[in-house]
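Following: one structure in structure tokens, then a few remarks.
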Amino acid sequence: MSTINSRNLFLGLILAGSVSLVNAQTTQPETSAATSQTSNPTIDGLKKQIEANPKDTESLAKLAAAYQEASDWPNAIDTWKKISALLPDWAPSYYSQAYAYQSAKDDANAKLAYEKYIATVKPEEVEQNKKNLAYAYFYIAFAEQQTDPNKAKEHIAKSIQYDPTNQDAVKLSKALNS
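Numbered by UniProt numbering, the letters in the sequence shown go through residues 1 to 178 in order.
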């Protein structure tokens with residue numbers, strides 16, 4: 001059990017930087033097919049490490065981040081899913097999946113992954129995850145504004161509770177409540 005906890009801590013430290021740098025509010029440029037076919041030594045090296053030890057969550061997290069950096073969304077998503085299977089209670093993997101889905105323009109799966117992220121954040125982790133929680137709730141509210149305005153209002157209220165400075169959330173709240 002202590003191996004998983006120290007691994008979670010280590011992954012949290014690794015991804016705290018990469019998740020905050022890879023804020024879901026940013027958009028990444030699209031890549032061409034030629035770009036995604038180019039060999040990436042970092043990715044190739046990590047793939048070899050993972051072949052030797054498929055349960056190496058540290059290397060998997062580095063690989064997922066490398067795929068995101070390369071805007072290789074399908075591989076980033078698949079790698080984050082592997083991490084979630086190995087560490088199902090580790091919320092950052094779901095947030096990162098959501099970001100990758102969102103970047104791949106797969107809004108339905110992005111919404112599901114943000115919902116899973118929200119559900120997985122432990123009470124003792126809320127304070128350190130406020131910005132990401134605020135964005136996750138904002139994204140869900142935005143996605144639901146047409147189909148379920150009442151749910152959207154609930155989600156946008158939560159978003160503003162976690163980050164009252166997010167002007168996009170404040171604008172959406174005003175629109176939903178007018």
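All C-beta atoms in this analysis are idealised placements derived from N, C-alpha and C, irrespective of residue type, glycine included.
Take the alpha-carbon of residue 149 and the one of residue 89: they are about 30 Å apart. The beta carbon of residue 107 is closer than 8 Å to those of 101 and 143 in its chain, skipping five residues each way along the sequence. According to the DSSP assignment, residue 147 belongs to no alpha helix (DSSP H), since it is labelled neither H nor E. Annotated as distal: residue 76 and residue 94, with beta-carbon spacing of 8 Å or more. In this chain, the alpha helix (DSSP H) harbouring residue 172 covers 167-176. In this chain, the alpha helix (DSSP H) harbouring residue 41 covers 41-52.
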